Amino acid sequence: MPTMNRWTLLLPLLVGASLAAAPASTRPSPPVTQITLSSGTVQSVAFSARGDVLATGDSAGHLDLWTRSGHAMGQLVQPAGISAVAFSPDGRWLATAGTDGHVRVWNVPSRQQKWDRATGAYYVTSVAFSPDSGTLASGGGNPLPGSADKVQLWNVMSGNLRSTLNGHDDVVTSVAFDPTGTFLASGSRDRSVRLWRLATLTQERVLTGHSDFVSAVAFSPNGRTLASASWDTGVRLWNVADSAARATLKGHTAPVVSLAFSKDGAVLASGAEDSRILTWNTQDGQAIGEVGRMQDSIKALSFGTRGLLAAGSVRQVNLWQLKTGSP
1130 MPTMNRWTLL LPLLVGASLA AAPASTRPSP PVTQITLSSG TVQSVAFSAR
1180 GDVLATGDSA GHLDLWTRSG HAMGQLVQPA GISAVAFSPD GRWLATAGTD
1230 GHVRVWNVPS RQQKWDRATG AYYVTSVAFS PDSGTLASGG GNPLPGSADK
1280 VQLWNVMSGN LRSTLNGHDD VVTSVAFDPT GTFLASGSRD RSVRLWRLAT
1330 LTQERVLTGH SDFVSAVAFS PNGRTLASAS WDTGVRLWNV ADSAARATLK
1380 GHTAPVVSLA FSKDGAVLAS GAEDSRILTW NTQDGQAIGE VGRMQDSIKA
1430 LSFGTRGLLA AGSVRQVNLW QLKTGSP
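Okay, so the sequence shown: first residue is 1130 according to this note's numbering, each after it adds one.
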């Protein structure tokens, strides 16, 4: 996205929301593993459901696979930059969002591309698999607001387009399925988060309150909480049942661009253009602390098993071991 001047004064918090600030005394901790890419810049990271494989996608079109300890397992290459990667819950498939407007699905065991589809968008920003691994959601858009600012649902096995969800007025930046497969959440540069009911393919609710682009959305593992990140430097927690704003988390000093819940849902990690990774207690919205800092914007975050957190920035992927209580 183009660099823009950001507002320094944020809109008032939603009524009933709590404010949590990161403690100034928190010191970053060293990562347990560091991975350096040979080319391109990291745009996305994702752990497999079992947590034994880490995928990274970069601006040069390289899809790399790594062990938890940072050993290379292989590389797949596509003809355009990768803006997002996602593993299917069953571990069979790996999807990539392309800067060329294409969505691609790869067979993980064979390392072969299963299908490649043009979305009609200038670029694709996000991909996510449904809980049953049968549907892939993609979000994207054009540099100027238009008809390509939509969510698309694809049949994973055939690559056929199942449905298109229209409603956003600007680029769709992030998509996420809830763990039950009831809802899909989408965030957009139009500053809104939308909840879609998958059974009817209809828009259930529109969540507003961010004063700038929504850059990331993520459901908690139990599906009760939805987190959204924004260029307004804040993170919001929403109750999925009634769309009430539970908390507004403040601590970053630049646009927040990535989010990840720990496997047990107790911890939410946020990454921002201030080069910092902060963690939050999801029960009360209070800051836990600063995990670490990297060279530049924290483009992507992903939690593996046993509290292992991966973060990508520039050509570096760092892994931190956190105490979350996760299995």
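A virtual CB, placed ideally from N, CA and C, is assigned to each residue, including glycine. Given the structure is predicted, the values throughout are model-derived calculations rather than measurements.
So, with DSSP's three-state summary, where would you put residue i?
i	result
residue 1434	helix
residue 1342	coil
residue 1358	strand
residue 1493	It is not possible to answer for residue 1493, since the shown part of the chain is limited to 1130 through 1456.
residue 1188	coil
residue 1417	strand
residue 1177	coil
residue 1211	strand
residue 1154	Legend: pLDDT at residue 1154 = 39, less than 50; position of this residue unreliable, value from coordinates given subsequently. In this structure, residue 1154 counts as coil in the three-state DSSP scheme.
residue 1237	coil
residue 1286	coil
residue 1412	coil
residue 1351	coil
Have a look at residue i and residue j and give me their C-alpha separation to the nearest angstrom.
i	j	result
residue 1212	residue 1307	21 angstroms
residue 1438	residue 1449	5 angstroms
residue 1336	residue 1431	24 angstroms
residue 1218	residue 1305	13 angstroms
residue 1172	residue 1435	24 angstroms
residue 1452	residue 1425	25 angstroms
residue 1159	residue 1195	20 angstroms
Measuring alpha carbon to alpha carbon, tell me which residue in the options is nearest residue i.
i	options	result
residue 1379	1371, 1399 and 1320	1399
residue 1175	1313, 1255 and 1328	1255
residue 1178	1363, 1257 and 1316	1257
residue 1285	1243, 1314, 1318 and 1186	1243
residue 1188	1447, 1418, 1452 and 1428	1428
residue 1232	1266, 1339, 1344 and 1204	1266
residue 1301	1312, 1253, 1361 and 1192	1253
residue 1377	1290, 1264 and 1412	1412
Taking DSSP's pairing of strands, which residues face residue i in a bridge?
i	result
residue 1319	DSSP, once it has assigned bridges, lists no residue as partnering residue 1319.
residue 1256	1267
residue 1291	Paired residues: none, contrary to the question.
residue 1231	1247
residue 1313	1306 and 1325
residue 1422	1405
Looking at the secondary structure, which residues open and close the beta strand (DSSP E) in which residue i lies?
i	result
residue 1303	1301 to 1306
residue 1165	1162 to 1165
residue 1331	1331 to 1336
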